[in-house]
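J.:
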Amino acid sequence: MNPKVRSTVLLGSAILIVGSLIAFFATGMYPYTRFRDTEIEQANAESGLSDLFADSTESPAEPPKVESVNAIGLLPSGPGLASVSVVTLSGPALVAIAGVLWWSRRKSRAGSGSSEAATT
Amino acid sequence: MLKQITMMTVAAIAASLAAAQPAIQVAQATPDGKTLIVPEDQKSKGAVYYAITDKDRQIYFESNAPLENIKGQSNDAIGYAVLSPDRPGTLVAGEWHLPVSSMKTGIELRDEHLAGKDWLDASSHPDIIVQVRELKGVTETKRSAAFTAYAGTLVVDLTLHGVTRTIEIPKSAITLMPASDATRKVAKGDLMSLRSKFTVTLADYGVSHPVIGEKVAKDVEIDVSLFLSTLPPERQ
């Protein structure tokens, strides 16, 4: 394998792995990839009703919020864009790195084997 | 002969099962789908409050399973509650319909699975239906110039996945807030807030799946927060 191609594959794969991990940590470390949901956002917006009743009970006037965020998760959550995740990005990148390393090792062994044969 | 006896036995069992769970009478939705048509016999029982839909979160549910924590919500519940004219803070009737397809967890594919045949089966049972039987043991818990709050045990028939069961929800809170300048800025009419928390055991409603107990909890926590108004949605 051309050393330039090998370097490109290794560098590209490393960038993909590191990039997906950075995105995973930066977007909240969700187990699954998720996207904003307009209906959840509508419910999360303040209508003023819960504020009106805020003092009436000991428990909060409204239930907890459901998060509506764009996040790269550890695992994919469906087809299309939802398939982007740490596992789906890093998996092929790791396979590519392993493939290049295996190829290089095999080539160097074959090279050293042929040079040994030449000296004997 | 044996085959005939077997068939008759199966038919008898099926008939007895059907008799044990009669089809429930449900209120029909208005043509615009924004509320339910209140039956006349219930309308005459007291003041009708209509659920204010498409605004705040009305239903929050949470499944805490060993492998996954799922939180979801809906703000598409429609329906009404009827308040007793002579027993303060007491509901005498009411019904709400929650479309299964409106339940959102933040992950689209999971929402599709939730409404699918293996779970809540929205194609056969499109709505989760709550019908009020009574609110018992009502006590006044708080009063101010703007509102009066009550608490009691709400007794309802919950129909989920086509199975109806009567459940009692203690510590249900009802707050009544007559119309004022402050309320008119937010919603028209006299207002009511209804808060209830309860747990639904999926197996009780015929929902079974191999991942229940691992990725989905056997018992799902439900948190209800309904805001209602004496004015129906079309007059809001």
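As given, the protein sequences belong to chains A and B, one line each in that order.
Just so you know, my numbering puts 1398 at position 23 of the first sequence, and the rest follows in order with no gaps.
Just so you know, my numbering puts 335 at position 115 of the second sequence, and the rest follows in order with no gaps.
We put the CB at the ideal spot given by N, CA and C, even for glycine.
Note the first and the last residue of the continuous beta strand (DSSP E) segment covering residue 317 of chain B.
T.: The residue you call residue 317 of chain B lines up with position 97 of the second sequence. Taken as a continuous stretch (DSSP letters only), the beta strand (DSSP E) holding residue 317 of chain B covers 311-319.
J.: Return helix, strand or coil for residue 1467 of chain A, following the three-state DSSP convention.
T.: Within the first sequence, the letter at position 92 stands for residue 1467 of chain A. Note: residue 1467 of chain A maps to helix in three-state DSSP.
J.: Helix, strand or coil for residue 279 of chain B, going by three-state DSSP, please let me know.
T.: The residue given as residue 279 of chain B occupies position 59 in the second sequence. Here residue 279 of chain B sits in strand by DSSP.
J.: Can you pull the DSSP bridge partners for residue 373 of chain B?
T.: By 1-based counting over the second sequence, the position of residue 373 of chain B is 153. B:356, per the DSSP bridge assignment.
J.: What is the rounded straight-line gap between the Cα of residue 1468 of chain A and the Cα of residue 1477 of chain A?
T.: Locating residue 1468 of chain A in the first sequence gives position 93, where the first residue counts as 1. Locating residue 1477 of chain A in the first sequence gives position 102, where the first residue counts as 1. Rounded to whole angstroms, residue 1468 of chain A and residue 1477 of chain A show a C-alpha spacing of 14 Å.
J.: Measuring CB to CB, does residue 419 of chain B end up less than 9 Å from residue 395 of chain B?
T.: Reading the second sequence from its first residue, position 199 is the one you call residue 419 of chain B. Reading the second sequence from its first residue, position 175 is the one you call residue 395 of chain B. Their beta carbons are not under 9 Å apart, which means residue 419 of chain B does not touch residue 395 of chain B by this criterion.
J.: Could you say which of A:1434, A:1417, A:1479 lies nearest to residue 277 of chain B if we only look at CA atoms?
T.: As a first step, residue 277 of chain B is located in the second sequence; it is residue number 57 there, counting from the start. For the residues A:1434, A:1417, A:1479, the minimum Cα distance to residue 277 of chain B belongs to A:1417.
J.: Is the beta carbon of residue 405 of chain B sitting closer than 9 Å to the one on residue 455 of chain B?
T.: Position 185 of the second sequence, counted from the start, is the residue given in the question as residue 405 of chain B. Position 235 of the second sequence, counted from the start, is the residue given in the question as residue 455 of chain B. Taking C-beta atoms as the reference points, residue 405 of chain B and residue 455 of chain B fail to come closer than 9 Å.
J.: Classify residue 416 of chain B as helix, strand or coil using the three-state DSSP reduction.
T.: What you label residue 416 of chain B is simply residue 196 of the second sequence in a count that begins at 1. Reduced to three states, the DSSP call for residue 416 of chain B is strand.
J.: Could you pull out every residue in the same chain whose Cβ sits closer than 8 Å to the Cβ of residue 275 of chain B, ignoring the five residues on either side in sequence?
T.: Stepping through the second sequence from its first residue, residue 275 of chain B is reached at position 55. Here the set comprises 295, 447.
J.: When you compare the stretch 1449-1466 of chain A with the stretch 1417-1437 of chain A, are there three or more beta-carbon pairs, one atom per stretch, that lie closer than 8 Å?
T.: no
J.: Would you verify that the beta carbon of residue 1423 of chain A is, or is not, closer than 9 Å to some beta carbon of chain B?
T.: Counting from 1 along the first sequence, the entry for residue 1423 of chain A is found at position 48. Chain B contact via Cβ: present.
J.: If you draw a straight line from the alpha carbon of residue 248 of chain B to that of residue 378 of chain B, how long is it in whole angstroms?
T.: Numbered from 1 along the second sequence, position 28 holds the residue referred to as residue 248 of chain B. Numbered from 1 along the second sequence, position 158 holds the residue referred to as residue 378 of chain B. Distance between the alpha carbons of residue 248 of chain B and residue 378 of chain B: 17 Å.
J.: Any contact between the stretch 1396-1413 of chain A and the stretch 253-264 of chain B? By contact I mean 3 or more CB pairs, one from each, below 8 Å.
T.: no
J.: If the cut is a Cβ gap below 8 Å, which residues of chain A does residue 321 of chain B touch?
T.: Against the second sequence, residue 321 of chain B aligns to sequence position 101. Going along chain A, no residue has its Cβ under 8 Å from residue 321 of chain B, so there is no contact; the nearest lies around 11 Å.
J.: Please identify, using Cβ separations under 9 Å, the residues of the stretch 402-433 of chain B that lie next to chain A, in order along the chain.
T.: 402, 403, 405, 406, 407, 411, 413, 415, 417
J.: Here's a check: name, in chain order, each residue in its chain whose Cβ is nearer than 6 Å to the Cβ of residue 382 of chain B, leaving out the five neighbours to either side.
T.: Your numbering for residue 382 of chain B matches position 162 in the second sequence. Excluding residues within five positions, the ones whose Cβ falls inside 6 Å are 345.
J.: Please state the DSSP three-state secondary structure of residue 446 of chain B.
T.: Walking along the second sequence from the start, residue 446 of chain B turns up at place 226. Residue state, collapsed to three classes: strand.
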